[in-house]
Amino acid sequence: MGRSDEEMIGNEKISPRQFKFLVILCYIGTSILVTPGNVASVTKQDAWIATILGVLIGLLLVWLYNSLGNNFSNMTLVEYSEKLLGKWIGKLISLLFILFLFINCSTLVYILGNFITTQIMPETPVQFTNIIFVIVIIMGTRLGLESFARATEILYPCVIGLFIILILSLCKDIEIQNIQPVFEFGIKPIIRGSLLYVSYSSLTLIALMMIFPAYVNNMKEAKKSFLKGTLTGGIIIFIVTLLSILVLGHDITARNVFPVYILAKKIHIGNFIERIEPIISVLWFITMFFKTIIYFYGATLGLAQILKLKDYKSLTLSLGMILVVLSLVVYPNTAYADTWNTTTWVPFVLTYGFFLPLLLLLVGKVRKSRREKN
Amino acid sequence: MWSILGILTVAIGITLYEVPSILEKNFKKELWVFSSLLLFGVVLSIIESLNIDIPTPLDWLAVIYKPFTDLIFGVLE
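Same order as they appear, the protein sequences are chains A and B. Every letter in the first sequence is one number past the one before it in the numbering used here, and letter 51, counting from 1, is 53. Every letter in the second sequence is one number past the one before it in the numbering used here, and letter 20, counting from 1, is 23.
Next up, the structure:
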């Protein structure tokens, strides 16, 4: 693990381009494997319509984050809420926000461990897959924001390349009657499905407010990158969802925890390109890594900023230890995870992803207009 | 037994790796935060390794958010 002692909090800057890649990878994150199944279980064959609606809602949310970011161009969300809401209320809200990030982080590690033990390596104890994944996350966090942001520039093209291979090799298995009839169940399931979708993808982008705008160069470009990244990620998820429904049908899609993995198992080209599903797991490990590291980095940095520490790196190892334990206990089983993700998770993430930025924006506006009156 | 030993070894390793540089820079507050987090982590890991059930925090969240959950999904049912 590299250690650069002279680097203190706040000396790091990333470019808008790297930020865009981070947004995309973070947005795709868990969604690419989980969304089609979850959304299809609510909306059946109309899941693809729900994702379109979800992408539009996501763009509106990013617009909200952007206008919030305008208010504090050199602070993170934690510092800003303390400045705006006063020492105690601000610290309390920041602490809750950090707990939110940390719990999300542990659920992601759980999902990854669960995926590896159920699909790839059934005989390895889940503790060890989780520990190894957390070690990688800790290494990345210790190397700092600049390093893992630079890593996106190498890994993002890999993700897109693998994704294109996946799409092209499935084109011939498409059966158009799988998405018919359109709008069979009316609008309500579609709204519900898109709410679920937004809850995994766009609402969790609030975690990026620990990086944006404080550590991104060129505010104007960065705001554009945020929107572009969300749109690109949204298009990718839309294509994946549409493909799952078109190839597998809504029933199989909804019944699997990881439908896209099943989708990749379907690939047969000629009689010699078969079983290339590790491709989709590589793709997913990359996106998952960046999503988890954004949460972990946000939580560690936020904790250091609340406590006014000079260095967040000394917290990473002990927080990682807690993270491993939490990832083992956070969901008692998959059924619990399913129920949680489709019920309490939605208002939980809405609190931080929507109401918190809205509150900060409104309080900021009121403060500003009062100052102008005086 | 072995797992507890392993956890303690890891904790000692982390301390040896982290503490000298904190002391060197004379970060008092960092030392406190680091030690309490590490202690918490070690205790949690040992409880988990003894197979004692740790309640998931999500249960409490589910109770707190119940009215909102019912509201949102009641409207969209």
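Just so it is clear, CB atoms sit at the ideal spot from N, CA and C, and this is done for glycine as well.
Cα-Cα separation, residue i to residue j
i	j	result
B:Phe43	A:Ala52	43 Å
A:Ile264	A:Glu279	8 Å
A:Gln307	A:Tyr297	15 Å
B:Lys69	A:Ile275	49 Å
B:Ala65	A:Lys375	44 Å
A:Trp50	A:Ile59	14 Å
A:Leu233	A:Ile105	26 Å
A:Ile95	A:Ser83	7 Å
A:Pro127	A:Phe74	45 Å
A:Ile271	A:Val249	15 Å
B:Ser52	B:Ile7	7 Å
B:Leu79	A:Thr345	12 Å
A:Thr353	A:Ala337	24 Å
A:Leu93	A:Tyr333	The sequence given here has Lys at residue 93 of chain A, not Leu. Their Cα atoms are separated by approximately 28 Å.
A:Lys226	A:Gly300	22 Å
A:Val218	A:Asp175	43 Å
A:Lys190	B:Phe76	10 Å
B:Thr59	A:Lys367	38 Å
A:Gly88	B:Val36	23 Å
B:Ile15	A:Leu319	12 Å
A:Met290	B:Leu41	26 Å
A:Lys85	A:Gly188	46 Å
Coil, strand or helix - residue i by DSSP
i	result
A:Val218	strand
A:Ile271	strand
A:Glu186	coil
A:Glu125	coil
A:Ile16	strand
B:Ile7	helix
Limits of the alpha helix (DSSP H) - the one that residue i falls within
i	result
A:Cys173	Careful: A:Cys173 lies outside any alpha helix (DSSP H) and carries neither H nor E.
A:Asp253	252–257
A:Lys46	From DSSP, A:Lys46 is part of no alpha helix (DSSP H); its letter is neither H nor E.
B:Glu81	Look at the range of chain B in this structure, 4 to 80, and you will see that residue 81 of chain B is not part of it.
A:Phe104	89–117
B:Val46	31–52
A:Asn343	336–344
A:Met323	315–331
A:Met211	Note, A:Met211: premise wrong, no alpha helix (DSSP H); not H, not E.
A:Thr289	279–308
B:Pro58	Unbroken run through B:Pro58: none, as it is neither H nor E.
A:Phe350	347–352
A:Lys312	No alpha helix (DSSP H) holds A:Lys312; DSSP gives it neither H nor E.
A:Leu363	358–375
Other residues of its chain near residue i: CB distance less than 8 Å, five sequence neighbours each side excluded
i	result
A:Ile288	Leu27, Leu157, Cys160, Val161
A:Glu148	Glu14, Lys15, Ile16
A:Tyr348	Correcting the residue type first, residue 348 of chain A is Val in the shown sequence and not Tyr. Only Leu197, Leu198, Ser201 meet the Cβ criterion.
A:Phe240	Trp50, Thr53, Ile54, Val57
B:Ile57	Leu47, Ile50, Glu51
B:Ile17	Leu41
Beta-carbon contacts of residue i that lie in its chain and below 7 Å, excluding the five residues immediately before and after
i	result
A:Phe150	Gly142, Ile295
A:Leu35	Phe260, Val262, Tyr263, Trp286
A:Lys315	Arg144
A:Ser392	The displayed coordinates of chain A run from 3 to 376. Any statement about residue 392 of chain A would go beyond what the structure contains.
A:Arg372	none
A:Ser108	Leu325, Leu328, Ser329, Val332
A:Thr154	Gln20, Phe23, Leu24, Leu27, Phe292
B:Lys28	none
A:Leu70	Pro359, Leu362, Leu363
A:Phe117	Phe260
Proximity test, residue i beta-carbon vs the ligand NAP heavy atom, cut-off 7 Å
i	result
A:Val332	Among the components of this structure there are no ligands whatsoever, and the ligand NAP is therefore not found.
Nonlocal neighbours in the same chain, by C-beta distance under 6 Å from residue i, ignoring five residues either side
i	result
A:Asn132	Val111, Gly115, Val326, Ser329
A:Ile192	Thr45, Asp48, Ile51, Ala52
B:Ser48	Ile10
A:Gly235	Ile26, Tyr29, Ile30
A:Val57	Gly236
B:Ile25	Glu33, Leu34
Contact with chain D by residue i, beta-carbon distance below 8 Å
i	result
A:Pro334	Reference to chain D is not applicable here, since the protein chains of this structure are A and B.
Residues of the segment 11–35 of chain B with a CB closer than 7 Å to any CB of chain A: list them in chain order, please. Ile17, Glu21, Ser24, Ile25, Phe30, Lys32, Glu33
At a CB distance below 9 Å, what residues from the segment 192–205 of chain A approach chain B? Give them in sequence order. Ile193, Arg194, Leu197
The segment 305–316 of chain A: positions lying closer than 7 Å to chain B by Cβ: Leu309, Leu311, Lys312, Asp313, Ser316
At a Cβ cut of 7 Å, what residues of the segment 344–364 of chain A count as close to chain B, listed as they run along the chain? Flagged, chain order: Thr345, Thr346, Val348, Pro349, Phe350.
Against chain B: residues of the segment 177–192 of chain A by CB proximity under 7 Å: So the list reads Lys190, given in the order they occur along the chain.
Near-chain B residues of the segment 41–61 of chain A - C-beta to any C-beta below 8 Å: none
Pull out every residue of the segment 75–89 of chain A whose Cβ sits closer than 9 Å to any Cβ of chain B, in chain order. In summary, no residue of the segment 75–89 of chain A has a CB separated from any CB of chain B by less than 9 Å.
Contact set between the segment 54–74 of chain B and chain A, restricted to residues whose Cβ is under 7 Å from the partner: Closer than 7 Å at the C-beta level to chain A, one finds these residues of the segment 54–74 of chain B: Ile57, Thr59, Pro60, Leu61, Leu64, Ala65, Tyr68, Phe71, Thr72.
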